[in-house]
Amino acid sequence: MERIKWVALCVALTACGHKASEVRIAAQPPSTNNYPTHFAQWLGFYKEEGVDVAISQIAGASKVLEAVVGGSAEVGGGVYEQSIQMAAEGRDIVCFVSMLRSPNFAIVGRVKSPAELKGKIVGVSSPGSPSQFYMNHLLLAAGLTPGDVSIAGVGMGATAVAALENKQVDAAVLFGSAITEATSRADLATLADSRTPDGLKKIFGVEDYPASCLLARGEWLRANPNSARRIAKAVLRSLAWIREHSPEEILARVPAEFRAASELEAIRAAKQMYSSDGKVHPESAEAVRRVLAESIPKVRDAKIDLSRTYTNEFIP
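Residue numbers (this note's numbering): 43 to 358.
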């Protein structure tokens, strides 16, 4: 099986052989957070919808965004927060398909509640990442401030779990299969869990908090509405396929190299939080803006027209 292509920005994505009709999608390696993007390729939905798609795998959502902003990819598998952050900087990056109505994270640690984190070391995937914004939000809701804890970058997956197990951090923001692995330990408790409707509403106050999505430059969407519409339809078919199949059937379609030890349980937990319609709704967009404003002064101070950070125009 072909090995993962860890793509260098502005080199591999713009390498020779790119066809003018081909749509380049930059995405992180397959996980429950972005399965719809990859399943649309694995199941042949892009081809059936008449769009020629080439997916290049890039490590990190920030690198995916760089590819889209820099023009070395037409579409990026990113997160909706990035659209709002770019709008605060005057850039036109638009979410045109929402795939998850939850960030799919849980905070796991050796304390019983977020209020007990004062003076503790907490792990996030990297400082300044969405995982830190979620942690800040939980701290503020518990009557603490972000300054009441020390932040440590622990990465994602196995490295984050190892940081907890080795007591390098007292709590951590975890995603996907890492949650299952960590919570199997008797000494670790779940402090917050966004993977259930009740948990999501308790954390953010809404039933839909757009997270993983497809992003593109506004100018590209305006110039290529047919391609955008076909990609959106293919991903919606992928979302429907995931809803209609069991976790075991979903896992069977995932190439072996991407199957983490606890992937089946991660799929089981994430399945109910996949978007049913691919749309972003105004109240959900505002919830995301509020969380970002708690951590990013530029977002807090900017007059952002949220209706320009997403579009449902290409959803059939």
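Note that CB positions come from ideal geometry on N, CA and C, so glycine has one too.
query	result
May I ask you to report which of helix, strand or coil DSSP gives residue 63?	coil
What does the Cβ neighbour count give for residue 127, buried or exposed, with the cut at 16 atoms within 10 Å?	buried
Have a look at 273, 153 and 94 and flag the residue whose alpha-carbon is nearest the alpha-carbon of residue 359.	The chain is shown only over 43 to 358; residue 359 falls outside these bounds and no answer can be derived.
With a Cβ-Cβ cutoff of 9 Å, do residue 236 and residue 230 count as a contact?	no
Taking the continuous beta strand (DSSP E) assigned at residue 110, which residues delimit it?	Element bounds for residue 110: not the beta strand (DSSP E) but the alpha helix (DSSP H), 103 to 112.
Give the single residue among 79, 351 and 311 whose Cα lies nearest to the Cα of residue 278.	79
DSSP state of residue 352, grouped into three classes?	strand
Tell me the residue span of the beta strand (DSSP E) that contains residue 99.	95 to 99
Need the endpoints of the beta strand (DSSP E) that residue 277 sits in, please.	No beta strand (DSSP E) holds residue 277; the alpha helix (DSSP H) holding it covers 267 to 286.
Give the straight-line distance between the Cα atoms of residue 179 and residue 65, rounded to the nearest whole angstrom.	36 Å
In chain order, which continuous runs of the beta strand (DSSP E) of length 3 or greater are located wholly inside the segment 307 to 358?	none
Spell out the partners DSSP gives residue 303 in its beta bridges.	Answer is none; residue 303 lacks a bridge partner.
Considering only the beta carbon of each residue, do residue 221 and residue 302 sit closer than 9 Å?	no
So, are the CB atoms of residue 107 and residue 83 less than 9 Å apart?	no
Tell me which residue opens and which closes the alpha helix (DSSP H) that residue 225 is part of.	219 to 225
The beta strand (DSSP E) that contains residue 166, what's its start and end?	163 to 166
Alpha carbon to alpha carbon, how far is residue 294 from residue 211?	34 Å
Our contact map puts residue 213 next to residue 233 with C-beta atoms below 8 Å; I'd like the distance itself, whole angstroms only.	7 Å
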